[in-house]
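Here's the structure we're looking at; comments come further down.
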Amino acid sequence: MANGTLIYGLVFLCLGFLTLRELTQTEATPNERPAMKLSQFSGPSLKILYCISCGYRQVFEEYSHRLRARYPQLSIEGENFPAHPVRRYLASAFGILKIGLIILIVSGSNPFPAFNLETPGFWTWAIENKVYSCLMLFFISNAIETQLLSTGAFEISLNDMPVWSKLESGKVPRYQELVNILESNMKLSYQL
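Just add 33 to the spot in the sequence shown (first one is 1) and you have my numbering.
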């Protein structure tokens with residue numbers, strides 16, 4: 034039993050270290066701009082920031098495929114619209130808590146006597162039904178993490194100028210709406 038506890042402890046320490054490393058990594062500041070590609074100098078660039086958890090990646094892929102066929106000179110980029118940092122940290126905390134609870138349940142540990150507390154009935158049930166409780170914990174916590182990371186964004190910028198915001202308008206533009214927006218903005222930029 035002591036050998037199994039040692040293994041679980043080492044696994045928990047490794048996961049804790051990896052999580053701490055992930056939380057403390059520095060991110061690029063918004064003022065830093067990536068190196069410009071040669072294709073960005075040849076024509077207009079369209080950037081779409083979308084919410085992956087809302088399923089907007091498929092919409093981006095469809096729109097970018099159709100727009101590349103219609104406007105071959107248009108450089109199209111897409112990436113995930115990041116959630117607010119507090120929500121990202123909360124989602125990370127839920128992930129850490131989830132892994133810790135699963136390790137405690139699988140190992141059959143009871144942390145409550147260490148705090149001079151009586152063991153609650155739900156913990157006894159979780160220890161007796163390890164597979165079911167771990168699966169339930171995994172799926173419920175994943176749903177909470179996904180909800181925390183969901184932004185609902187579909188933000189479109191043409192040459193770094195915002196032309197559409199789902200967060201402001203409340204809807205994703207239809208393809209024809211997007212084409213009309215691009216046509217009017219590209220005509221305006223060529224006239225200047």
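C-beta: ideal position from N, C-alpha, C; glycine also. Here the structure is a predicted model, which means the values were calculated and not measured.
From the options, residue whose alpha carbon lies closest to that of residue i
i: I160; options: E55, Y89, V139 and C84; result: V139
i: G88; options: L182, I214 and S202; result: L182
i: I135; options: L79, Y122, N162 and T184; result: N162
i: R120; options: S190, I40, T184 and P206; result: T184
Backbone CA spacing between residue i and residue j [nearest angstrom]
i: E112; j: Y83; result: 6 Å
i: F172; j: G128; result: 11 Å
i: T52; j: S125; result: 8 Å
i: R99; j: T179; result: 29 Å
i: P144; j: N175; result: 23 Å
i: A116; j: I81; result: 15 Å
i: I214; j: V196; result: 7 Å
i: K199; j: R103; result: 23 Å
i: P63; j: L191; result: Since pLDDT at P63 reaches only 49, below the 50 mark, its modelled position is unreliable, and no value is offered.
i: E151; j: W158; result: 14 Å
Cβ-Cβ separation, residue j to residue i (assumed contact under 8 Å), whole Å
i: F114; j: E188; result: 6 Å
i: S108; j: L79; result: 7 Å
i: F45; j: G133; result: 7 Å
Extract the residue ranges of the beta strand (DSSP E) inside the stretch 147-213, only unbroken runs of 3 or more that lie entirely within it. 187-191 and 194-198
At what residue ranges does the stretch 95-148 contain a whole run of the beta strand (DSSP E), taking only runs of 3 or more? 108-113
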